[in-house]
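Keeping their order, the protein sequence lines are chains E and D.
Going by UniProt numbering, the first residue of the first sequence is number 1, and it counts up by one from there.
Going by UniProt numbering, the first residue of the second sequence is number 1, and it counts up by one from there.
Think of the CB as a built atom: it goes at the ideal place given N, C-alpha and C, for glycine as much as any other residue.
Here's the structure, in structure tokens; my notes come after.
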Amino acid sequence: MSTLNKKSGDLGTWLMHIFLGVNAVIMLYPIIMMALSSFKTNQEIFSSPFSLPKSFSFDNFAIIWSQTNVPRYFINSTIVTGLSVLVLLVVGTMAAYALSRYKFKGNIMISLFFLSGLMLPLRLAIIPLFIQLKALGLVDNLLGLICIYTAMSLPATVFIMTGFLRSLPSELEDSARMDGASEFRIMVEIMVPLITPAMVIAGIYNAVPIWNDFFFPLIFIQSPEWKTLAQGLTAFFGEYSINYGVLYAGLTLAALPIMLVFIVQSRRFIAGMTAGAIK
Amino acid sequence: MAQRTATIKTPFENALARRRQLRKLWLVFLLFPAIAILLTFVFLPMASAILYSVYEWDGLVRGEFIGLGNFQKVLLDPRNNQFLINAFFNNVKVFIALMLVQNGLALILALFLAREPKGYRFYQIAFFLPVILSTVIIGFQWKLFLNPIFGLVNTLLRSVGLGDWAMPWLGLPETALGAMILVNAWHWVGFPTLVFLAAIHRIPKDLIEAARLDGASEWMIARDIIWPLMAPAVTIIVVLTFIGSFNWFEIPYIMGGLEGSPAYSTDMLGLLFYRTAFGSVSAGNSDFGTGSALAVLIFIFIFTFSTIATRYLTSREVELS
Numbered sequence: 001m002s003t004l005n006k007k008s009g010d011l012g013t014w015l016m017h018i019f020l021g022v023n024a025v026i027m028l029y030p031i032i033m034m035a036l037s038s039f040k041t042n043q044e045i046f047s048s049p050f051s052l053p054k055s056f057s058f059d060n061f062a063i064i065w066s067q068t069n070v071p072r073y074f075i076n077s078t079i080v081t082g083l084s085v086l087v088l089l090v091v092g093t094m095a096a097y098a099l100s101r102y103k104f105k106g107n108i109m110i111s112l113f114f115l116s117g118l119m120l121p122l123r124l125a126i127i128p129l130f131i132q133l134k135a136l137g138l139v140d141n142l143l144g145l146i147c148i149y150t151a152m153s154l155p156a157t158v159f160i161m162t163g164f165l166r167s168l169p170s171e172l173e174d175s176a177r178m179d180g181a182s183e184f185r186i187m188v189e190i191m192v193p194l195i196t197p198a199m200v201i202a203g204i205y206n207a208v209p210i211w212n213d214f215f216f217p218l219i220f221i222q223s224p225e226w227k228t229l230a231q232g233l234t235a236f237f238g239e240y241s242i243n244y245g246v247l248y249a250g251l252t253l254a255a256l257p258i259m260l261v262f263i264v265q266s267r268r269f270i271a272g273m274t275a276g277a278i279k
Numbered sequence: 001m002a003q004r005t006a007t008i009k010t011p012f013e014n015a016l017a018r019r020r021q022l023r024k025l026w027l028v029f030l031l032f033p034a035i036a037i038l039l040t041f042v043f044l045p046m047a048s049a050i051l052y053s054v055y056e057w058d059g060l061v062r063g064e065f066i067g068l069g070n071f072q073k074v075l076l077d078p079r080n081n082q083f084l085i086n087a088f089f090n091n092v093k094v095f096i097a098l099m100l101v102q103n104g105l106a107l108i109l110a111l112f113l114a115r116e117p118k119g120y121r122f123y124q125i126a127f128f129l130p131v132i133l134s135t136v137i138i139g140f141q142w143k144l145f146l147n148p149i150f151g152l153v154n155t156l157l158r159s160v161g162l163g164d165w166a167m168p169w170l171g172l173p174e175t176a177l178g179a180m181i182l183v184n185a186w187h188w189v190g191f192p193t194l195v196f197l198a199a200i201h202r203i204p205k206d207l208i209e210a211a212r213l214d215g216a217s218e219w220m221i222a223r224d225i226i227w228p229l230m231a232p233a234v235t236i237i238v239v240l241t242f243i244g245s246f247n248w249f250e251i252p253y254i255m256g257g258l259e260g261s262p263a264y265s266t267d268m269l270g271l272l273f274y275r276t277a278f279g280s281v282s283a284g285n286s287d288f289g290t291g292s293a294l295a296v297l298i299f300i301f302i303f304t305f306s307t308i309a310t311r312y313l314t315s316r317e318v319e320l321s
């Protein structure tokens with residue numbers, strides 16, 4: 001296709017490059033400004049908002065590290081995202097394995113059950129969920145969030161993993177069965193290693209929204225010590241509302257880890273996050 | 001049957017029965033955890049929401065059965081339904097604006113990127129970068145940029161001689177919603193772009209090349225070949241945008257607050273639901289009954305329209321034979 005487009009001198013091609021370039025600037029410039037402003041003092045932000053910071057001082061970051069709860073929020077978000085994705089991948093892959101590799105009565109019924117879970121917006125059931133978690137003692141508790149995230153991400157995970165598992169040939173499985181390997185060993189030692197790339201995609205697909213979510217913690221977490229990063233930022237914004245350098249530093253710090261992973265692993269990230277929308 | 005169970009089984013039959021038993025146990029072991037978690041934390045609360053909506057509530061305590069009383073209160077009580085109507089039309093505006101601005105731009109970007117210009121990988125990463133960030137970060141970041149006095153947007157306008165255009169974007173009812181929609185478009189445009197791009201890449205290249213050799217213009221290729229063949233991706237994006245627009249909560253909550261400031265110009269169904277369910281200045285005390293009724297109504301609306309939209313949009317999809 002590109003060989004046909006080699007007449008790069010024409011006006012259309014130039015317009016295309018300008019359009020894409022301008023867009024890239026619009027997308028990246030705000031993020032760069034956010035990062036640069038985090039090194040500035042309040043005074044610098046007012047007097048010279050667009051210039052580079054006079055010195056790359058880490059004072060704002062030091063304030064965040066020593067005087068705010070942001071490090072704690074980081075740990076909480078890591079725990080919640082890590083455990084949710086772990087449980088989700090184990091439980092989701094198990095279910096997908098049963099649905100894709102075995103013929104049994106009720107297979108279609110159970111597949112439809114998971115599929116219908118895809119269409120239920122759990123946010124609208126927040127009231128019963130609140131009462132239910134309260135009864136279980138899971139309000140203001142990270143375990144409560146882990147339960148919610150695991151449950152609401154399971155249908156999509158089962159859906160994605162079933163698709164991948166179905167595409168595996170059955171020869172390996174059959175010959176292992178002939179050799180007398182147990183079903184458990186066939187799954188863990190033969191099939192699962194073959195679908196690790198799919199598990200990475202399903203993991204990213206779920207981890208990013210869980211890490212970024214702010215709605216469920218807003219309702220279920222009250223104590224500062226259990227707040228997640230996205231939610232904790234709102235508290236932090238109230239506290240430091242006039243120290244703009246610190247605010248920018250907080251945002252930069254919150255954005256940094258996921259951005260670094262994305263830049264290194266962009267292909268997997270894009271494949272993962274669009275996994276639900278591309279057939 | 002009775003005869004058969006009475007007869008003594010051969011060792012082979014015994015082994016077979018045991019194997020079958022074992023296989024059943026194995027399948028239960030594989031499926032049970034996922035089904036149990038989904039039932040407990042998704043299906044049970046969804047079903048309860050419907051049940052709760054027909055009861056009176058006093059805080060966390062369920063009161064009497066009142067039939068459709070809560071629905072009546074949401075839809076017909078003028079104190080409530082003026083908020084409902086206002087919020088609903090704001091959601092409609094958001095949907096239309098996002099379809100035009102966000103998805104329209106995404107389509108153009110995808111058509112350009114499909115020609116794999118120089119910097120193709122870089123553009124993909126640049127357009128997708130905001131998508132991975134939390135709405136909280138995006139919302140606060142743009143709130144700082146849109147600050148009327150020292151925010152970058154107004155400073156930039158003043159520095160290029162457009163000082164008259166500098167205004168408190170989030171403080172005026174005329175501009176607040178538009179500003180938030182643009183922030184949302186900035187945040188998400190990379191997503192439809194890459195979904196569209198993947199769909200275009202799946203169109204056989206020789207089809208496009210043949211058209212080009214026949215002298216078709218780029219515009220004709222886009223309109224007559226690419227557009228009809230990328231219909232499935234369009235269906236998905238339209239439905240996702242619809243669901244997202246009517247569940248819109250984070251950006252207006254962070255940038256305009258729970259009451260949809262200024263003057264309810266950025267109020268949304270999601271905010272109204274939150275206020276009704278958990279209480280606020282305008283909605284009064286927390287009311288789980290009317291809150292649940294509102295949730296059920298929103299769900300029915302989203303479900304009905306996305307089903308109809310999917311049906312309609314799928315019917316215009318064409319298959320390559």
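| field | For MET1 (chain E), three-class secondary structure by DSSP | value | Here MET1 (chain E) scores only 42 on pLDDT, less than 50, and its place in the model should not be relied on; the value that follows carries that caveat. Looking at MET1 (chain E) - three-state DSSP - the assignment turns out to be coil, as it is neither helix nor strand.
| Interface flag, ALA2 (chain D) vs chain E, CB-CB below 8 angstroms | Note that ALA2 (chain D) scores 47 on pLDDT, short of 50, meaning its location in the model is unreliable; the coordinates nonetheless yield the value given after this. No, ALA2 (chain D) lies away from the interface with chain E (no Cβ there is under 8 angstroms from its Cβ).
| At a CB-CB cut-off below 7 angstroms, which residues of chain D make contact with residue 280 (chain E)? | There is no way to answer for residue 280 (chain E), as the model of chain E reaches only from 1 to 279.
| Around the Cβ of PHE122 (chain D), are there at least 16 other Cβ atoms within 10 angstroms (buried) or fewer (exposed)? | Looking at its Cβ environment, which holds fewer than 16 other Cβ atoms inside 10 Å, PHE122 (chain D) is exposed.
| said: Three Cβ pairs or more, each shorter than 8 angstroms: is that satisfied between the segment 220-229 of chain E and the segment 71-84 of chain E? | reply: Taking 8 angstroms as the limit for Cβ pairs, the verdict is that the segment 71-84 of chain E does touch the segment 220-229 of chain E.
| Interface residues of the segment 140-168 of chain E facing chain D [CB-CB below 8 angstroms] | Within the segment 140-168 of chain E, contact with chain D at the beta-carbon level (separation under 8 angstroms) is assigned to CYS147, ILE148, THR150, ALA151, MET152, LEU154, PRO155 and VAL158.
| So, is ASN285 (chain D) buried or exposed, given that buried needs 16 or more other C-beta atoms within 10 angstroms? | exposed
| Identified DSSP bridge partners for TRP57 (chain D) | D:ARG62
| said: For a contact defined as C-beta to C-beta under 9 angstroms, what are the partners of ILE263 (chain E) on chain D? | reply: ILE125 and LEU129
| message | Counting beta carbon pairs with one atom in the segment 69-76 of chain D and one in the segment 287-296 of chain D, are three or more of them shorter than 8 angstroms? | response | yes
| task | Using a Cβ-Cβ cut-off of less than 7 angstroms, give me the residues of the segment 85-117 of chain D that come near chain E, in sequence order. | result | LEU109, PHE112, ARG115, GLU116 and PRO117
| field | Three-way DSSP call (helix, strand, coil) for PRO11 (chain D) in this model | value | helix
| request: If I'm right that LEU269 (chain D) touches ASN91 (chain D) with Cβ under 8 angstroms, what's the distance once you round it to whole angstroms? | output: 5 angstroms
| query | So which residues of chain E does GLN141 (chain D) contact, with C-beta pairs closer than 7 angstroms? | reply | PRO30, MET34 and LEU251
| field | Any 3 or more C-beta pairs closer than 8 angstroms across the segment 97-111 of chain E and the segment 159-168 of chain E | value | yes
| Test: LEU172 (chain E) CB closer than 8 angstroms to a CB of chain D | no
| Is it buried or exposed for residue 322 (chain D), if we count other Cβ within 10 angstroms and need 16 for buried? | In the structure as shown, chain D begins at 1 and stops at 321. Residue 322 (chain D) is therefore absent and cannot be evaluated.
| Got a sec? Which residues, its chain only, sit under 7 angstroms from LEU142 (chain E) by beta carbon, not counting five neighbours each side? | ASN76, ILE79, VAL80 and TRP226
| said: On the DSSP letters alone, give me the boundaries of the alpha helix (DSSP H) that LYS143 (chain D) sits inside. | reply: 135-145
| said: For MET46 (chain D), would you say it is in contact with chain E, using Cβ-to-Cβ distances shorter than 8 angstroms as the test? | reply: yes
| message | If you reduce the DSSP assignment to three classes, tell me which class GLN260 (chain D) lands in. | response | Inspection of the sequence shows that residue 260 (chain D) is occupied by Gly rather than by Gln. It is coil, neither helix nor strand.
| Counting along the chain, where does the alpha helix (DSSP H) carrying GLY270 (chain D) start and finish? | 269-278
| By a C-beta neighbour count over all protein chains shown, 10 Å radius and 16 as the cutoff for buried, is VAL22 (chain E) buried or exposed? | exposed
| Which class does GLY171 (chain D) belong to by DSSP, given the choice of helix, strand or coil? | coil
| query | Would DSSP call GLY284 (chain D) helix, strand or coil? | reply | strand
| request: Compute the beta-carbon to beta-carbon distance between LEU313 (chain D) and LEU294 (chain D), rounded to the nearest angstrom, for a pair I have assumed lies under 8 angstroms. | output: That pair is no contact at about 28 angstroms.
| request: Using beta-carbon positions only, say whether LEU162 (chain D) and LYS93 (chain D) come within less than 8 angstroms of one another. | output: Contact: no.
| Would you call the segment 149-161 of chain E and the segment 198-209 of chain E touching, i.e. three or more CB-CB distances under 8 angstroms? | yes
| Does GLN132 (chain E) get closer than 8 angstroms to chain D when you measure Cβ to Cβ? | True, the Cβ-Cβ gap to chain D drops below 8 angstroms.
| request: Determine the DSSP secondary structure at ILE251 (chain D), reduced to helix, strand or coil. | output: If DSSP states are grouped into helix, strand and coil, ILE251 (chain D) belongs with the helices.
| query | Using a Cβ-Cβ cut-off of 6 angstroms (strictly less than) and excluding sequence neighbours within five positions of ALA275 (chain E), which residues of its own chain qualify? | reply | Correct list, in chain order: ILE160, ILE201 and TYR205.
| task | Under 8 angstroms Cβ to Cβ from MET34 (chain E), same chain only, skipping five residues before and after it: list those, please. | result | Excluding the 5 residues flanking it on each side, MET34 (chain E) has same chain C-beta neighbours closer than 8 angstroms at TYR248, LEU251, THR252 and ALA255, in chain order.
| task | Measure the C-alpha to C-alpha separation of ASN80 (chain D) and ARG275 (chain D) and round it to an integer number of angstroms. | result | If you take the alpha carbons of ASN80 (chain D) and ARG275 (chain D), they lie about 11 angstroms apart.
| message | Please state whether the Cβ-Cβ distance between VAL158 (chain E) and ALA96 (chain E) is less than 8 angstroms. | response | Yes.
| Which value, in whole angstroms, describes the spacing of the CA atoms of ALA62 (chain E) and SER37 (chain E)? | 15 angstroms
| request: Give, in chain order, every residue of the segment 275-304 of chain D whose Cβ lies closer than 8 angstroms to some Cβ of chain E. | output: Along the segment 275-304 of chain D, the positions whose C-beta sits under 8 angstroms from a C-beta of chain E are ALA277, PHE278, PHE288, GLY291, SER292, ALA295, VAL296, ILE298, PHE299, ILE302 and PHE303, read in chain order.
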